[in-house]
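**Student:**
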Amino acid sequence: MNPVGLSYISLLPQKLFYTLLPVFFPTRRNVETFMNRMVFTPEEKPEGELWRQLADYIEISVKDFEFGGDYPTKLADAEIVRLKAETHLIVGENDALIPQHKTVKRARKLLPNLKSVDVLPNIGHGIELSSSAIEKLKAVLET
1 MNPVGLSYIS LLPQKLFYTL LPVFFPTRRN VETFMNRMVF TPEEKPEGEL WRQLADYIEI
61 SVKDFEFGGD YPTKLADAEI VRLKAETHLI VGENDALIPQ HKTVKRARKL LPNLKSVDVL
121 PNIGHGIELS SSAIEKLKAV LET
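If you're matching positions, the sequence shown starts at 1 in my numbering and goes up one per residue.
Encoded structure:
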């Protein structure tokens with residue numbers, strides 16, 4: 001899910017704007033704008049306490065956390081073709097941050113043991129919180 005190693009994040013000006021907005025101007029409003037525009041679709045948007053907790057987490061992260069690690073980067077073709085593990089790709093159709101069509105195309109071209117590709121409708125970048133994505137992942141793990 002959300003395999004940034006297969007595809008770069010979208011650098012379209014509007015998408016880049018909404019991604020960087022809470023980083024440079026970390027207000028609650030900007031965090032929620034980012035979540036609404038870039039992370040969740042209206043159909044899969046968390047409600048109530050979960051929404052508040054996610055917004056709190058992002059807001060605190062961009063205000064107070066000093067990241068010392070490596071940001072996820074796209075893997076080179078030579079690295080991907082060497083992968084031996086059975087792979088199942090699950091992506092959201094409406095992921096505004098990581099374009100699913102580029103991810104799927106690259107996976108089909110390079111992953112030697114790609115067993116399945118599932119593009120879930122009405123799912124955005126917040127796929128790991130989607131009940132349909134979790135059900136799909138359970139099904140993959142049970143086979």
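Even glycine gets a Cβ: it sits at the ideal position worked out from N, Cα and C. No experiment lies behind these values; they were computed from the predicted model shown.
What whole-angstrom Cβ distance do residue 7 and residue 99 have, given they're in contact under 8 Å?
**Tutor:** Here the question's residue 7 lines up with position 7 in the sequence shown. Here the question's residue 99 lines up with position 99 in the sequence shown. Confirmed, about 6 Å.
**Student:** Since residue 134 is in the beta strand (DSSP E), which residue starts that stretch and which ends it?
**Tutor:** Taking the sequence shown and counting its residues from 1, the one referred to as residue 134 is at position 134. Counting along the chain, residue 134 falls outside any beta strand (DSSP E), though it belongs to the alpha helix (DSSP H) covering 131 to 142.
**Student:** Have a look at 63, 132, 55 and flag the residue whose alpha-carbon is nearest the alpha-carbon of residue 153.
**Tutor:** No answer is possible for residue 153: the residues shown for the chain start at 1 and end at 143.
**Student:** From residue 128 to residue 37, what does the alpha carbon distance come to, in whole angstroms?
**Tutor:** For the purposes of this step, residue 128 is taken as the residue at position 128 of the sequence shown. For the purposes of this step, residue 37 is taken as the residue at position 37 of the sequence shown. Their Cα atoms are separated by approximately 17 Å.
**Student:** Taking just the CA atoms, how far does residue 3 sit from residue 110?
**Tutor:** As a working mapping, residue 110 is identified with position 110 in the sequence shown. As a working mapping, residue 3 is identified with position 3 in the sequence shown. Spanning the two alpha carbons is a distance of roughly 14 Å.
**Student:** For residue 119, write down the residues that DSSP places opposite it in a beta bridge.
**Tutor:** One-based indexing of the sequence shown puts residue 119 at position 119. Partner(s): 91.
**Student:** Going by C-alpha to C-alpha distance, which of 14, 40, 60, 50 sits closest to residue 27?
**Tutor:** For the purposes of this step, residue 27 is taken as residue 27 along the sequence shown, with counting starting at 1. Considering only alpha carbons, the answer is 60.
**Student:** Report yes if the C-beta distance between residue 89 and residue 56 is below 8 Å; otherwise report no.
**Tutor:** Along the sequence shown, one-based indexing puts residue 89 at 89. Along the sequence shown, one-based indexing puts residue 56 at 56. Contact flag unset, no.
**Student:** If you check the beta carbons only, do residue 96 and residue 10 fall under 8 Å apart?
**Tutor:** On the sequence shown, position 96 is the one that residue 96 refers to. On the sequence shown, position 10 is the one that residue 10 refers to. Yes, Cβ-Cβ distance for residue 96 and residue 10 is below 8 Å.
**Student:** Just grab the DSSP bridge partners of residue 114 for me.
**Tutor:** Reading the sequence shown from its first residue, position 114 is the one you call residue 114. Answer by DSSP bridge pairing, in chain order: 87.
**Student:** When you compare the CB positions of residue 124 and residue 33, do they come within less than 8 Å of one another, or not?
**Tutor:** Walking along the sequence shown from the start, residue 124 turns up at place 124. Walking along the sequence shown from the start, residue 33 turns up at place 33. Not closer than 8 Å, so no.
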